[in-house]
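Residue numbers (this note's numbering), protein chains in the order written: chain A, 1 to 119; chain B, 1001 to 1119. All C-beta atoms in this analysis are idealised placements derived from N, C-alpha and C, irrespective of residue type, glycine included. A short worksheet on the structure shown next.
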DNA sequence: TAACTGTACTATTTGTGATGGTACACTTAA
DNA sequence: TTAAGTGTACCATCACAAATAGTACAGTTA
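And the structure:
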């Protein structure tokens, strides 16, 4: 379900956060579905439970999951999260687009690239 | 010429690398133009010369500048760098585009955003 | 009650970024 | 020839974040 890339320079907890955000936004994890427990996921990934705890705390801070003491962590069903992520992506895309246009690419070429994109 | 953003979480040397890459790619720094010396730039930015040295070493590794012992660092005139940067940007853009399309945006909407972009 | 859950600590290790300082080889201009 | 400026290569040190290791406690559930 989650794979850690040790070649990735980003910290482990950040990779875990990203992976779960993607799974939730894509609907692979449904609203109110239970997340793997801190201890079991740590065991599965062969890392420390504290690292998962840190990732879950961050996911909760960002509104992707909610915690219930003694029961577990669960996926939040907040629909606004998708919209927020869309905005983030668009911002980044436009920033990169601005740069690539500044160094000589045309809007036509860029748009052509996107049109040809397979999803 | 170069400004360090201490709110930026990225390391200083990385910011310096990025800034110079942009200046070179945009032609603000011409081929064979002399870079500020390690010591003078460090003085100007109130940081350690070793940090600038690290940034310059990275810029040289990536082919943006070349060093001449005793004389200084100079901008490389390699035209392929612009093409390489374009490819990098496109890759990132397509990656983000793929994500934003997967979570519900349409190609039309995305292309519209780029069309409206002011450069 | 036992086994699971989250949570909160503390201590420690590790790696990277950054600093401070020294030294040496090279180039250039006085 | 000399002095000042260049890059470069070290070393020691500090600061900080990431990650580990371990313990403890409170809540839930079968």
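Query: In angstroms with no decimal places, state the Cα-to-Cα distance between residue 1104 (chain B) and residue 1061 (chain B).; Result: 41 angstroms
Query: Which parts of the segment 1053-1105 of chain B are runs of the alpha helix (DSSP H), unbroken and 4 residues or longer, counting only runs that do not cross its ends?; Result: 1080-1102
Query: Going by beta-carbon coordinates alone, are residue 87 (chain A) and residue 1096 (chain B) separated by less than 8 angstroms?; Result: no
Query: Flag residue 60 (chain A) as yes when its Cβ comes closer than 7 angstroms to any non-hydrogen atom of the ligand ATP, and as no otherwise.; Result: The ligand ATP is absent from the structure shown, which contains no ligand whatsoever.
Query: How far does the alpha helix (DSSP H) with residue 166 (chain A) in it extend, from its first residue to its last?; Result: Because chain A in this structure spans residues 1 to 119, residue 166 (chain A) falls outside the shown range and cannot be described.
Query: Just how far apart, CA to CA, sit residue 94 (chain A) and residue 1110 (chain B)?; Result: 10 angstroms
Query: Just to check my reading of the structure: residue 1049 (chain B) and residue 1057 (chain B) have Cβ atoms closer than 8 angstroms, yes? What is that Cβ distance to the nearest angstrom?; Result: About 12 angstroms; that fails the 8 angstroms criterion.
Query: Is DSSP giving residue 30 (chain A) helix, strand or coil here?; Result: coil
Query: I want to see whether chain B comes within less than 8 angstroms of residue 55 (chain A), judged by CB atoms only; does it?; Result: no
Query: State the Cα-Cα distance for the pair residue 52 (chain A) and residue 69 (chain A), rounded to the nearest angstrom.; Result: 16 angstroms
Query: Using a Cβ-Cβ cut-off of 8 angstroms, state whether residue 1082 (chain B) counts as contacting chain A.; Result: yes
Query: Below 7 angstroms CB to CB, which residues in the same chain sit around residue 1019 (chain B) once its five sequence neighbours on both sides are set aside?; Result: 1002
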